[in-house]
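For the sequence shown, our numbering assigns the number 6 to the initial residue and increments by one for each residue that follows.
All C-beta atoms in this analysis are idealised placements derived from N, C-alpha and C, irrespective of residue type, glycine included.
All remarks here apply to the structure that follows.
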Amino acid sequence: LFLIFLIVRQSEVTISIFWLFWLLWIFEAVLCIREFLKGGWRWPEFTVKALLILLVALSIQFFPILSEGWLTPLFWAPFLDRLTGPLITALVIMSNLPSNFIKELIILRARHKISKLSLLKTVAITGSTGKTSTKEFLKQILSKKFKTAATGGSTNTEIGIAQIINDDLTNETDVFIAETGAYREGELAKIGRL
6 LFLIFLIVRQ SEVTISIFWL FWLLWIFEAV LCIREFLKGG WRWPEFTVKA
56 LLILLVALSI QFFPILSEGW LTPLFWAPFL DRLTGPLITA LVIMSNLPSN
106 FIKELIILRA RHKISKLSLL KTVAITGSTG KTSTKEFLKQ ILSKKFKTAA
156 TGGSTNTEIG IAQIINDDLT NETDVFIAET GAYREGELAK IGRL
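As structure tokens, this is what we get:
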């Protein structure tokens with residue numbers, strides 16, 4: 006439809022097709038609003054990153070619609086509506102690049118630090134349930150005889166463990182107890198290598 010409209014702008018058939026498409030687009034919007042009002046949407050956690058992505062996506066989607074001419078919204082709205090998904094995907098990927106780089110730096114620093122602690126004994130605790138309780142029991146028992154450090158609360162991801170290594174482990178630490186969780190395949194192996 007986009008190409009047809011570019012080639013044959015003044016055709017009554019083309020304009021009729023676009024009016025039909027525009028009405029279907031409005032119908033789809035009404036269905037989405039209805040679903041929203043019924044509570045069928047899950048709300049994301051609104052972080053600065055999420056709000057920036059949303060603001061950029063919406064401005065790119067709706068800015069051309071506000072231009073002059075009665076056919077402009079008819080022309081651009083259906084096209085831009087279909088562009089929103091890929092646009093948000095691209096924005097998320099681009100915004101993840103800096104945070105993934107920082108995450109990798111933190112993990113590299115932790116690997117370097119833990120490799121220098123040659124006398125350190127490490128205990129990793131994993132499982133479906135009871136990881137945090139088991140970690141706390143073991144920490145209480147071992148801390149009677151050894152200088153012990155452990156991951157805090159329910160921290161059990163690679164980045165969380167790396168931050169504990171960087172912040173809490175010292176040359177005097179004898180035992181490090183790490184609660185390890187797996188949310189995707191291969192995560193326990195990555196934590197184990199750390």
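For this session: Kindly indicate the opening and closing residues of the alpha helix (DSSP H) around residue 140.
Result: DSSP places residue 140 inside the alpha helix (DSSP H), whose first and last residues are 136–147.
Exercise. Expressed to the nearest angstrom, what Euclidean distance is found between the alpha-carbon atoms of residue 156 and residue 36?
Worked result: Each residue's CA atom was taken as its position, placing residue 156 and residue 36 some 47 Å apart.
Exercise. When you compare only the Cα positions, how much space is there between residue 160 and residue 141?
Worked result: Residue 160 and residue 141 have their C-alpha atoms roughly 12 Å apart.
Exercise. Do the CB positions of residue 136 and residue 192 come within less than 8 Å of each other?
Worked result: With contacts defined by Cβ atoms closer than 8 Å, residue 136 and residue 192 do not form a contacting pair.
Exercise. With which residues is residue 126 paired in a DSSP beta bridge?
Worked result: Under DSSP, residue 126 shares a beta bridge with 180.
Exercise. What residue from 131, 86, 144 has the CA that sits closest to residue 163's CA?
Worked result: The shortest C-alpha separation from residue 163 is found at 131.
Problem set entry | Which of helix, strand or coil DSSP assigns to residue 156 | DSSP places residue 156 in coil when its eight states are reduced to three.
Problem set entry | Rounded separation between residue 45 and residue 179 - CA only | Those two C-alpha atoms are separated by around 51 Å.
Exercise. Can you tell me the Cα-Cα spacing of residue 166 and residue 113, whole angstroms?
Worked result: Rounded to whole angstroms, residue 166 to residue 113 spans 12 Å at the Cα level.
For this session: Keeping to the same chain, check which residues put their C-beta closer than 7 Å to that of residue 225; ignore five residues upstream and five downstream.
Result: The chain is shown only over 6 to 199; residue 225 falls outside these bounds and no answer can be derived.
Exercise. Going by Cα to Cα distance, which pick from 55, 189, 125 is closest to residue 176?
Worked result: Nearest to residue 176 by C-alpha distance, out of 55, 189, 125, is 125.
For this session: Below 7 Å CB to CB, which residues in the same chain sit around residue 91 once its five sequence neighbours on both sides are set aside?
Result: Residues of the same chain with their beta carbon placed closer than 7 Å to that of residue 91 are lacking, with the five preceding and five following residues left out of the count.
Exercise. In its own chain, which residues sit with a C-beta less than 8 Å from the C-beta of residue 174, not counting the 5 before and 5 after it?
Worked result: Counting only Cβ-Cβ distances below 8 Å, and skipping sequence neighbours, we find 118, 119, 122, 125, 154, 181.
Exercise. Considering only C-alpha positions, which residue in the set 18, 54, 50, 42 is nearest to residue 102?
Worked result: Minimum Cα distance to residue 102 is reached at 54.
For this session: Please state whether DSSP places residue 48 in a helix, a strand or coil.
Result: In the structure shown, residue 48 sits in coil (DSSP, three-state: anything other than H, G, I, E or B).
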